[in-house]
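Visitor: Take 98 as the starting number for the sequence shown in this note's numbering and just add one per residue.
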Amino acid sequence: MNDESPNPEQPSSPYAGRWVARVRGRVVAQGGTPEQALRASQHSRHKEKPEIVFMNTSLALPPLLEKLLTILPADQEIHLVGGAVRDLLLSRISPDLDFVLPSNGISLARRVANALGADFVSLDEERDTGRVIVTNEDGTRTFLDFSVYRSPNPSTVFGQSLEEDLRARDFTINAIAYNPHDGTIIDPLDGGTDLRAKLIRACSSTSLSDDPVRILRAVRQAAFFGFRIEKGTRELMKQSVDQLGRISVERLRDEVFKILHGPKPDASMRALEMLGVLPYLMPELVPMKGVEQSEPHVYEVWTHTLSVLDYLDQIVSALRIGYNAEKTNDMFTGLLTLRLGRFREQIANHFAKPLNVDRSMRSLLFFAALYHDVCKPGTRTVEETGRIRFFDHDVKGADVAAERAHAFNLSNDEAERLHIIIKNHMRMHSFASRMEHKNQAPSRKAIYRFFRDAGEAGIDLILLGLADLRGTRAQDLTLETWTVYLDIARILLENYWERPEEIVAPPRLLDGHELIKELNIKSGPVVGHLLELIRENQAAGKIENRGQALAFAREELEKGTSSAA
């Protein structure tokens, strides 16, 4: 055994604070003492005698894991595995804790749930997998899954050992096990070294073909951690793309939305396109590549879309609570935070109210951005002057996005939100054009109609409109035009959040029954039309009380406006 002091490089190791067993320079196991590291190395297939060395600084266990240690029987063979161990080594908190054991996964999960006062779900009876759902004080949830060892052989449900289970996993950084009883770590595939090298490497030559959804997961994790994908693994990903058709649409959808929720969504989508994933995932996006556009667009449609994702990521980040605007050296971002920074809390609250508990509002907005120009290829026309137009691409694109939403089994609320965003995404540009070229700010009635049609999606439309502008003009964008767009955004947000009852949602002065009685008319579409005209004129500041509302309705009725409607 070697108990020499660690060298200067060792503090950066993901095994800092532990005794590790190394074979030919590779870490194969870890423990809290030299003996534990040696014992843990016996799970490895290496026949050589390992070298035992110390790495400084210790792992910090999350409180829930420490509490679990007081519940688990001392003689229960169990290991924490997967992303939770990876996150421990990276000093991150994981919302998912996956445990493996030789048998009785469901029964142990039920026992843990009872002890914690948490919810229990029998996740997969065939694979003997149970789930414990712990609801935290802030409303977030932590998932603890207990399953029996998996087998690297797809034809066999259960594995015979911990090492078999680890070798059946996706990537080496996720194939590390932690023994909560004695603190030992088992790492037969050298995932710790790949963590230090910031490398994503497949566990085996069949890792991607065994479960092709791992192609998307590799791209997502590379973006999330800032890692690179090992060359051989990239080749395995390409070879397995044609197997995506056998994966359930729900699993594919979940990976897409996790990608869009995370960092660098533009780079991730470009990677999926280059890997050939899109025809199996979102085929309607494929025709966008190479479709040329007229000025002021500087990119073709697909590159423009990716650019919009990138700028939307920057804009949402710059408007988050805690963002330090002084650190930016981008004049456009600085001006954004100066003009709209006071709405940070409201924007955060908007994103904190998802339409589905399993998918974030951020990911839904980015999905809308991904699809906002999906129908440009099919609506492209070229005028005699050479100008390229895309008539009704917004309306038709909204329908295509809604179809994809239903194909992905999104909720009706999510599908409706996508439809509203994409159908109305040109309205910010219309407002800005009138202000820039005619010096006309949005009228009170126009603001009312914008939020009447968009509702809460108006916030998404504003953010997407800003990103769409930057993705359209990129380096050609002037501060003058950017300022106009920020002024439009400020006007809309001020009315929505700071004085909604004046314009956005004026109080009702009459209801339908009152209108029918006062005007002696029959129930029907005329009533709804008159009520909407009253609200529009309230928003415009032309009607202030019930008497004025009735007088206006009588006048409209006499003019025949309502019958024409």
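Where is the CB? At the ideal position from N, CA and C, for every residue including glycine.
Out of Asp307, Ala294, Gly329 and Pro309, point me to the one whose CA is closest to Gly323's CA.
Guide: Per the C-alpha coordinates, the member of Asp307, Ala294, Gly329 and Pro309 positioned closest to Gly323 is Ala294.
Visitor: What are the residues that DSSP puts in a beta bridge with Glu284?
Guide: The displayed chain sequence assigns Asp, not Glu, to residue 284. None, per the DSSP bridge assignment.
Visitor: For the region 182-233, list the alpha helix (DSSP H) runs that are entirely contained and at least 4 residues long, ordered along the chain.
Guide: 202-213
Visitor: Please classify Arg501: is it buried, with 16 or more other beta-carbons within 10 angstroms of its beta-carbon, or exposed?
Guide: Buried, since its Cβ has 16 or more Cβ neighbours within 10 Å.
Visitor: Taking only three categories from DSSP, how would you classify Arg643?
Guide: If DSSP states are grouped into helix, strand and coil, Arg643 belongs with the helices.
Visitor: So if DSSP puts Thr478 in a beta bridge, which residue, or which two residues, is it bridged to?
Guide: Arg486
Visitor: In three-state terms, what does DSSP make of Ser244?
Guide: strand
Visitor: Inspect the beta-carbon positions of Leu589 and Leu563 and report whether they are closer than 9 angstroms.
Guide: no
Visitor: According to DSSP, is His522 part of a helix, a strand, or is it coil?
Guide: coil
Visitor: Would you report the Cα separation of Glu480 and Gly494, rounded to the nearest angstrom?
Guide: 22 angstroms
Visitor: By a C-beta neighbour count over all protein chains shown, 10 Å radius and 16 as the cutoff for buried, is Met385 buried or exposed?
Guide: Within a 10 Å sphere around the beta-carbon of Met385 sit 16 or more other beta-carbons, which makes this residue buried.
Visitor: Quick check: the Cα distance between Phe464 and Leu357, rounded to an integer number of angstroms?
Guide: In this structure, the straight-line span from the alpha carbon of Phe464 to that of Leu357 is close to 7 angstroms.
Visitor: Which term fits Glu655, buried or exposed, when burial requires 16 or more other beta carbons within 10 angstroms of its beta carbon?
Guide: It counts as exposed.
Visitor: I'd like to confirm something about Val398: is its beta-carbon nearer than 8 angstroms to some heavy atom of the ligand ATP, or not?
Guide: For the structure depicted, the ligand ATP is absent and the ligand set is empty, with no information on it obtainable.
Visitor: Which residue comes first and which comes last in the alpha helix (DSSP H) that contains His140?
Guide: No alpha helix (DSSP H) holds His140; DSSP gives it neither H nor E.
Visitor: Around the C-beta of Gly568, are 16 or more other C-beta atoms found within 10 angstroms, so that it is buried, or is it exposed?
Guide: Buried, since its Cβ has 16 or more Cβ neighbours within 10 Å.
Visitor: In the DSSP output, what is Arg38 paired with across the bridge?
Guide: Because the chain in this structure spans residues 98 to 662, residue 38 falls outside the shown range and cannot be described.
Visitor: Under 9 angstroms between the Cβ atoms of Val178 and Arg266?
Guide: yes
Visitor: Output the distance between the C-alpha atoms of Met98 and Asp184, rounded to the nearest integer angstrom.
Guide: Confidence in Met98 is poor, its pLDDT being 37 and thus under 50, which makes the residue's placement unreliable; the coordinate value appears in the next sentence. About 29 angstroms.
Visitor: Measuring straight from C-alpha to C-alpha, what distance separates Ala571 and Glu595?
Guide: 32 angstroms
Visitor: Can you give the Cα-Cα distance for Leu296 and Ile412, rounded to whole angstroms?
Guide: Taking the Cα positions, Leu296 is about 29 angstroms away from Ile412.
Visitor: For Ala215 and Phe243, which I take to be in contact (beta-carbon distance under 8 angstroms), what is that distance rounded to the nearest angstrom?
Guide: Not really, about 12 angstroms apart at Cβ, beyond 8 angstroms.
Visitor: What is the DSSP secondary structure of Ile326, counted as helix, strand or coil?
Guide: strand
Visitor: From what residue to what residue does the beta strand (DSSP E) around Leu177 run?
Guide: His176 to Val178
Visitor: What residue from Gly552, Asn617 and Arg459 has the CA that sits closest to Pro597's CA?
Guide: Gly552
Visitor: With three or more C-beta pairs closer than 8 angstroms as the rule, is the region 513-521 touching the region 597-610?
Guide: No: the two stretches stay apart, fewer than three of their Cβ pairs being nearer than 8 angstroms.
Visitor: Using the Cβ count rule (16 or more neighbours within 10 Å means buried), how would you classify Met525?
Guide: With 16 or more neighbouring CB atoms inside 10 Å of its own CB, Met525 falls in the buried class.
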